[in-house]
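Some notes on the structure that comes next.
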Amino acid sequence: MRVNVTVNGEPRQADDVWEGESLLFLLRERLGLPGSKNACEQGECGSCTVYLDGTPVCSCLVAAGQVQDREVRTVEGLADGDRLDPVQAAFVEAGAVQCGFCTPGLVVAAHDLLDRVPRPSDPEIREALAGNLCRCTGYEKILDAVRLAASRKADPEAATR
Amino acid sequence: MDFLRPATLAEALALKAQRPDAVPIAGGTDVMVELNFDHRRPTALLDLTRIAELRSWDVDGEDRGGDGGTVRIGSGVPYTRIIDELGDRLPGLAMASRTVGSPQIRNRGTVGGNLGAASPAGDTHPVLLAGGATVEAASTRGTRLIPATGFYLGVKRHALEPDELITAIHVPATRAPQQFAKVGTRNAMVIAVCSFAVALHPTRQRVGAAVGSAAPTPRRATAAEEFLSGELTATGQWDSPKPLLDSVKRRFGELVAEAASPIDDVRGSAAYRKHALSVLARRTLDWAWRDYTEEVA
Ligand SMILES: Cc1cc2nc3c(=O)[nH]c(=O)nc-3n(C[C@H](O)[C@H](O)[C@H](O)COP(=O)(O)OP(=O)(O)OC[C@H]3O[C@@H](n4cnc5c(N)ncnc54)[C@H](O)[C@@H]3O)c2cc1C
Ligand code: FES
Ligand code: FES
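Listed in order, the protein sequences are those of chains A and B. If you count the first sequence from 1, you need to add 2 to reach the numbering used here. If you count the second sequence from 1, you need to add 17 to reach the numbering used here.
Structure (structure tokens):
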């Protein structure tokens, strides 16, 4: 089947898509966007998290055919050219990235949280990231990164100081 | 394999009648796992996510600000929206929805899909049973209402005919206390080892109670319901509630555990499940009754 979908603001088309394949496969293998990671293919790890019509979902659990005429935003679509999104920058600075496998999914989940809740409490951060597993960091630095990004969002001056 | 993308419910029902073998897919959080792991190779997928009729909810009957009336929830409304939009009218369903998977799963997963999968461990089932919900099923032959108590037939088996789709779930709206609790190995992302829901129905002077993950199907604990309803009515406690006697809570817990017929598996032994259910039943009843006492006072 042919799938037409807007990805990171650009209309894209993929042909010969197998009817049972996932959005994650479509993104990585057909559209050349390897940012979203494939680690479990069963919704457990969150590494494949992308926005679908503005809502974070596990792309491994969306059938490619379900995104026909819809809008997808991946971790690749968060940065503004070479300028990292504040959440991405905070992850780098806080040392929240080790092997980096979980990072794209966590960045999308944290990005969505800060859009909805600009000053999240720690329990709110934990709740929002509960669907994302990290085998390396122990999560403390990830929490630090989200707090850092939140504080900069609240005080944008601080980001450029 | 075919991928069918109906835009309306009528079209979906026509397709399902022609292709009873087509597997409906809503949020995909169960279906895609099966496809990704080659556990299932359907001849066709029937995508329900384009159908606006399945993605809305409304209130039938008289709604007195969350009390009275029945909420008709389209089968394709995701958990996140149930939590955000219906928490004040359907406290038990919202509570169970909050325990499903993770935010990503709740953004996609639906009650329709939970029913379609009919896993004994599905979190919404005990709540639908205890709250007196009804499943609306439709086909080109017409629409029928199946009480939740008649919906679950066996492990992953339900009462739908091959040409039917779940169109909605009807749940009585209430402000009366309801509770749902599940036992799992951690807080997020767990299948229930066992689960329990209790719903107080003060206007009918009844208590609803149901167990999950503790029998081949989710099921009501009818003996526990009758015991407690009888006790509360006989002692006039619906009008002037008092703290529940320990003996009453204990007996309720025992009867709930007796309603279960769990198995030993990797997640827990049958004996543990029964014990845990009696504890969940006592605790959730206690929480619900305290809330009720405060409301009436
Ligand atoms: C990581 C992870 C964690 C999870 N955690 C939980 C949990 O904590 N608690 C829990 O209860 N579940 C959990 N689940 C299971 C799943 O998310 C739920 O069962 C969910 O409600 C399924 O909804 P869906 O819309 O995604 O269903 P789908 O996957 O689209 O469909 C599920 C089944 O229902 C059928 N179906 C769907 N819609 C209809 C319809 N309208 N009419 C007829 N049949 C239909 C499908 O054909 C399929 O058989 C989890 C799943 C994952 C991947
Ligand atoms: S790869 Fe999708 S959640 Fe793990
Ligand atoms: S940094 Fe390695 S999995 Fe998170």
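We treat Cβ as the ideally placed atom computed from N, Cα and C, and that holds for glycine. Bear in mind that the values here come from a model prediction, so they are computed numbers and not experimental data.
Check: 8 Å Cβ cutoff, residue 64(A) in contact with chain B; Outcome: yes
Check: Contact set between residue 15(A) and chain B, taken where Cβ atoms lie within less than 9 Å; Outcome: Under the 9 Å cutoff, chain B gives no residues; its nearest Cβ is about 16 Å from residue 15(A).
Check: Chain A residues whose Cβ lies nearer than 7 Å to that of residue 19(B); Outcome: 21
Check: Secondary structure of residue 74(B), DSSP reduced to three states; Outcome: strand
Check: Within chain A, the residues that residue 172(B) reaches when beta carbons sit closer than 8 Å; Outcome: The premise fails here: residue 172(B) is roughly 20 Å from chain A at the closest Cβ pair, so nothing lies under 8 Å.
Check: Of the residues 133(A), 105(A), 13(A), the one placed nearest residue 89(A), counting alpha carbons only; Outcome: 105(A)
Check: Under 8 Å from the C-beta of residue 132(A): neighbouring residues of chain D; Outcome: Judged by its chain identifiers, the structure shown contains no chain D, and its protein chains are A and B.
Check: Chain B within 8 Å of residue 120(A), Cβ atoms only; Outcome: no
Check: 8 Å Cβ cutoff, residue 102(A) in contact with chain B; Outcome: no
Check: Length-filtered (3 minimum) beta strand (DSSP E) runs lying within the region 204-250 of chain B; Outcome: 211-218, 223-229
Check: Expected contact under 8 Å - CB spacing of residue 301(B) and residue 215(B) to nearest Å; Outcome: 5 Å
Check: Contacts that residue 26(B) makes with chain A (C-beta to C-beta distance below 7 Å); Outcome: What residue 26(B) touches in chain A: nothing, since even the nearest Cβ is about 17 Å away.
Check: Rounded straight-line distance, which links the Cα of residue 75(B) to that of residue 187(B); Outcome: 10 Å
Check: Which residues DSSP lists as bridging residue 81(B), in chain order; Outcome: 84(B)
Check: Check your reading: residues with Cβ closer than 7 Å to ligand 5 heavy atoms; Outcome: Among the ligands present in this structure, namely ligand 1, ligand 2 and ligand 3, ligand 5 is not found.
Check: Neighbour flag for residue 4(B) against chain A, beta carbons, 8 Å; Outcome: Coverage of chain B is limited to positions 18 through 314, which leaves residue 4(B) absent and any answer about it impossible.
Check: Separation of residue 54(A) from residue 40(B), as counted between CA atoms; Outcome: 22 Å
Check: For residue 155(B), the first and last residue of its enclosing beta strand (DSSP E); Outcome: 151-156
Check: Where residue 45(B) falls: helix, strand or coil (DSSP); Outcome: coil
Check: Contacting residues, own chain, Cβ-Cβ under 6 Å from residue 30(A) (five flanking each side not counted); Outcome: 36
Check: CA nearest to the CA of residue 98(A), picked from 40(A), 147(A), 41(A); Outcome: 147(A)
Check: Proximity winner among 184(B), 209(B), 170(B), 277(B), relative to residue 117(B) (alpha-carbon distances); Outcome: 209(B)
Check: Rounded separation between residue 138(B) and residue 213(B) - CA only; Outcome: 11 Å
Check: Distance, residue 144(A) Cα to residue 153(B) Cα; Outcome: 44 Å
Check: 8 Å Cβ cutoff, residue 46(A) in contact with chain B; Outcome: yes
Check: contact_flag[the region 59-66 of chain A, the region 14-31 of chain A] where n(CB pairs < 8 Å) is 3 or more; Outcome: yes
Check: Proximity test, residue 42(B) beta-carbon vs ligand 1 heavy atom, cut-off 7 Å; Outcome: yes
Check: Neighbour flag for residue 60(A) against chain B, beta carbons, 8 Å; Outcome: yes
Check: Alpha carbon of residue 93(A) to alpha carbon of residue 77(A), nearest angstrom; Outcome: 13 Å
Check: Close Cβ partners of residue 84(B) (< 7 Å) along its chain, the five nearest in sequence each way excluded; Outcome: 190, 191, 192
Check: Length of the line joining the Cα atoms of residue 134(A) and residue 49(A); Outcome: 7 Å
Check: Residue 45(A) vs residue 122(B) beta-carbon contact at 8 Å; Outcome: yes
Check: beta-carbon residue 139(A) near ligand 3 non-hydrogen atom, thresh 7 Å; Outcome: yes
Check: Contact set between residue 56(A) and chain B, taken where Cβ atoms lie within less than 8 Å; Outcome: Ordered by position in chain B, no residue passes the 8 Å Cβ test against residue 56(A), which lies about 10 Å from the chain.
Check: Any non-hydrogen atom of ligand 3 closer than 7 Å to residue 100(A) Cβ; Outcome: yes
Check: Secondary structure of residue 196(B), DSSP reduced to three states; Outcome: strand
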